[in-house]
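Novice: Can you keep this structure in mind? I'll have questions shortly.
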Amino acid sequence: MKSPAEQLEILTRGTAKVLSDAELLKKLEKGEPLRVKLGVDPTSPDLHLGHSVVLEKLRQFQELGHQAVLIIGDFTAQIGDPTGRSKTRPPLSREEILANAETYQEQAFRILDRDKTEIVYNGTWFNKMTFSEVIQLNARVTMQQMLQREDFKNRIAKDQEVRLHEIQYPIVQGWDSVEVRADVELGGTDQLFNILVGRDLQKTKGMDPQVVMCLPILEGLDGVQKMSKSLNNYVGITEPAGEMFGKIMSISDDLMARYAVLLIGEEIDPSEHPVEAKKALAAKIVARYHSAEAADQALTNWNNRGKLDAVELPEFSLPADRKDLLGIVQAAFASLEEPKSGSDVRRLIQQGSIQLDGEKLSDPKSEPALSPGQVLKLNKKRSVRVA
RNA sequence: GGGUAGAUUCCGGAGCGGUCAAACGGGGCAGACUGUAAAUCUGCUGGCUAUGCCUUCGAAGGUUCGAAUCCUUCUCUGCCCA
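Sequential numbering of the first sequence, starting at 587, is according to the numbering used here.
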């Protein structure tokens with residue numbers, strides 16, 4: 587068992603904000619396992635590297651002997667977290683939420699230690715609340731407190747709607763902290779407000795308020811906006827190794843430095859050529875979610891990209907009913923489960939994206955003779971081998 | 001409850017009754033360049049086996065040879081006043 591001071595050093599590493607170090611130290615000094623809360627919103631099923639920043643931190647707590655409390659916000663998902671949104675979120679159905687929660691756990695345990703994790707659904711207590719209990723809960727908070735929140739303030743300033751149920755979100759999430767008697771709550775910096783509400787609510791119940799620990803938000807592949815599925819700038823943690831590797835290779839040099847620090851806790855070696863440094867980074871990340879062998883394989887594939895024969899590509903059987911290039915390419919996209927409209931495909935062809943063994947094919951109506959083994963390149967990322 | 005403004009293609013936002021699949025910007029995609037990166041430049045960005053056809057401008061009706069544009073009703077939202 588590490589000393590409280592040592593633990594504090596490890597736990598605060600890489601954090602964006604801790605409120606406060608002194609409080610955390612005091613709690614650690616009690617020598618009992620802390621209850622560390624992480625609330626998750628099962629609004630989309632797939633976890634990505636952005637989520638992993640916080641999960642990695644939670645695992646550190648586990649490694650130091652603390653108790654992880656993973657709250658699945660099945661109830662809160664019905665509200666929709668207004669964080670970072672300029673618009674109201676559409677609500678999800680009960681079935682979608684439960685299915686998402688299921689996949690979430692499966693994926694989260696690639697990082698967390700299952701045996702040291704307590705999982706609770708916040709619907710357990712909220713679905714039982716009567717309306718008068720809801721009113722009483724609301725009475726613990728003032729409108730002014732809620733309106734301090736940046737998102738709400740901005741929307742009001744811009745004459746955009748803010749629905750009353752959205753204002754409930756921080757209250758509801760904060761109440762979770764009371765229910766699970768959290769000692770520490772983790773979250774992204776965007777969750778600061780919500781976590782603080784949890785502290786306030788705990789105080790109103792005479793509890794020792796939880797320590798707030800915020801982790802930096804990871805930028806998405808574009809390097810500007812936060813990583814999120816809806817912006818399609820994410821790397822999913824269950825993505826195939828090759829896919830993951832390719833996505834990481836597409837980031838800018840600046841972003842590479844940030845990913846290194848936030849995802850694997852290392853600095854990029856400035857003496858190394860950026861390409862090599864990036865390959866190393868990509869391989870390390872792949873290794874973490876797949877295996878060292880998979881990472882090697884992904885690296886090899888990447889290096890062999892020019893040499894088409896050396897790379898494994900999905901096989902593609904020519905369609906029976908179409909002989910024209912347009913029809914063939916469309917079928918190829920469909921076989922990769924990325925169906926595109928005829929107009930999209932026509933555009934790609936005319937713009938020179940389609941290549942057969944390195945030769946551009948740009949006439950959608952032509953009827954190219956394809957023989958088995960030839961490689962049809964569809965766009966930057968996708969190629970298929972003719973079966 | 002009263003008054004007023006608005007709802008346009010992924011987003012923002014233009015759109016004299018015909019020349020509107022709808023300006024412009026953002027985003028996205030493709031090409032060139034490169035380190036198969038970023039930045040930059042160029043093109044594309046509703047659908048259709050396609051010099052044309054079909055479906056779009058909150059919804060439903062109507063006026064008209066012709067409607068995103070005019071009229072009616074409805075739905076939704078903002079703002080001001082109570």
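The beta-carbon is built from N, C-alpha and C at its ideal position, and this holds for glycine as well. Because the structure is a prediction, the values reported are computed rather than measured.
Go through its chain and collect everything with a Cβ distance to G938's Cβ below 6 Å, but skip five positions before and after it.
Specialist: Counting only Cβ-Cβ distances below 6 Å, and skipping sequence neighbours, we find K946 and S948.
Novice: Can you give me the start and stop residues for the beta strand (DSSP E) that R599 sits inside?
Specialist: Looking at the DSSP string, R599 is not in any beta strand (DSSP E), and its letter there is neither H nor E.
Novice: For D907, which residues from the same chain have a beta carbon less than 8 Å from its beta carbon, with the 5 sequence-adjacent residues on both sides left out?
Specialist: Once the five neighbours on either side are set aside, the close Cβ partners of D907 are G913.
Novice: Taking the beta strand (DSSP E) that T703 belongs to, which residues open and close that run?
Specialist: Start and end: T703 to Y707.
Novice: For K613 versus D769, is the C-beta spacing smaller than 8 Å?
Specialist: The answer is yes: Cβ separation under 8 Å.
Novice: Tell me which residue opens and which closes the alpha helix (DSSP H) that G617 is part of.
Specialist: Premise fails: G617 is in no alpha helix (DSSP H) and is neither H nor E.
Novice: Return the chain-ordered ranges of every beta strand (DSSP E) run that is complete within the segment 844-906 and spans a minimum of 3 residues.
Specialist: DSSP runs (the beta strand (DSSP E)) wholly in the segment 844-906: none.
Novice: Helix, strand or coil: how does DSSP classify Q653 here?
Specialist: Q653: strand per DSSP, three-state reduction.
Novice: Straight-line CA distance for P756 to Q731?
Specialist: Approximately 10 Å, taken between the alpha carbons.
Novice: How many whole angstroms separate the CB atoms of M793 and V764, which I take to be in contact at a CB cut-off of 8 Å?
Specialist: Contact flag correct, Cβ pair sits at about 7 Å.
Novice: Going by beta-carbon coordinates alone, are A663 and P628 separated by less than 8 Å?
Specialist: Going by C-beta atoms, A663 is nearer than 8 Å to P628.
Novice: How long is the line joining the alpha carbons of L733 and P795, rounded to whole angstroms?
Specialist: One C-alpha to the other measures close to 22 Å.
Novice: Nearest CA to the CA of C800: which residue from Q811, L841 and F779?
Specialist: Per the Cα distances, F779.
Novice: Between the beta-carbon of Q941 and the beta-carbon of V931, is there less than 8 Å?
Specialist: No, they are not a contact pair.
Novice: Using the DSSP secondary-structure output, state which residues sit across from G822 in a beta bridge.
Specialist: The partner list for G822 (beta bridge, DSSP) reads H634.
Novice: Hey, how far is the Cα of K815 from the Cα of N686?
Specialist: C-alpha separation (whole angstroms): 14 Å.
Novice: Once the 5 residues before and after E704 are set aside, which same chain residues still bring their CB inside 6 Å of it?
Specialist: Once the five neighbours on either side are set aside, the close Cβ partners of E704 are V655.
Novice: Have a look at T598, G822, L641 and F661 and flag the residue whose alpha-carbon is nearest the alpha-carbon of E681.
Specialist: Residue F661 is the option with its Cα nearest to E681.
Novice: With contact counted as at least three CB pairs below 8 Å, one residue from each stretch, are the segment 745-754 and the segment 623-642 in contact?
Specialist: The segment 745-754, when compared against the segment 623-642, does not touch it at the 8 Å Cβ threshold.
Novice: Leaving out five residues on either side along the sequence, give the residues of the same chain with a beta carbon under 6 Å from the beta carbon of Q811.
Specialist: For Q811, where only same-chain residues beyond five positions count, the Cβ hits under 6 Å are L817.
Novice: Tell whether a beta-carbon distance below 8 Å holds between L624 and L610.
Specialist: Going by C-beta atoms, L624 is not nearer than 8 Å to L610.
Novice: The alpha helix (DSSP H) spanning M799 covers which residue range?
Specialist: Per DSSP, M799 belongs to no alpha helix (DSSP H); it is in the beta strand (DSSP E), V797 to L801.
Novice: How many Å lie between D839 and L723 at the Cα?
Specialist: Straight-line Cα distance between these residues: approximately 48 Å.
Novice: Could you round the C-beta distance between G822 and L787 to whole angstroms and report it? I think they count as a contact, below 8 Å.
Specialist: Not really, about 34 Å apart at Cβ, beyond 8 Å.
Novice: If you pair each beta-carbon of the segment 712-727 with each one of the segment 689-697, do three or more pairs fall below 8 Å?
Specialist: Contact fails: fewer than three Cβ-Cβ distances are below 8 Å.
Novice: Can you give me the Cβ contacts of P950 inside the same chain, cut-off strictly under 6 Å, excluding the 5 residues immediately before and after it?
Specialist: Correct list, in chain order: L911, L912, R932 and I935.
Novice: For E852 and V970, I'd like the C-alpha separation in whole angstroms.
Specialist: Distance between the alpha carbons of E852 and V970: 36 Å.
Novice: State the beta-bridge partners of S939 as determined by DSSP.
Specialist: Partner(s): none; S939 has no beta bridge.
Novice: Hey, V798 and V604 are a contact pair by Cβ (cut 8 Å); roughly how many whole angstroms apart?
Specialist: Yes, they are in contact, since the Cβ atoms of V798 and V604 sit about 7 Å apart, within 8 Å.
Novice: Is it right to say K967 is buried, meaning 16 or more other beta carbons lie within 10 angstroms of its own, or is it exposed?
Specialist: Under this definition K967 is an exposed residue.
Novice: Would you grab the beta carbon distance between L641 and A694 for me? Rounded to a whole angstrom, and I think it's under 8 Å.
Specialist: Right, the Cβ-Cβ distance comes to about 6 Å (below 8 Å), so this counts as a contact.
Novice: Do you know how far the Cα of E771 is from the Cα of L698?
Specialist: Taking the straight line joining both Cα atoms gives about 16 Å.
Novice: Looking only at its own chain, which residues have a Cβ that is under 8 Å from the Cβ of A556, when we skip the five neighbours before and after it?
Specialist: Residue 556 cannot be examined here, being either before or after the span of the chain that is shown, 587 to 973.
Novice: With DSSP as the reference, label K966 as helix, strand or coil.
Specialist: Looking at K966 - three-state DSSP - the assignment turns out to be coil, as it is neither helix nor strand.
Novice: Since R645 sits in a beta bridge, which residues does DSSP pair it with?
Specialist: According to DSSP, R645 bridges with nothing at all.
Novice: Let me check one thing: in DSSP terms, what residues is L772 bridge-paired to?
Specialist: Beta-bridge pairing links L772 to L624 and M799.
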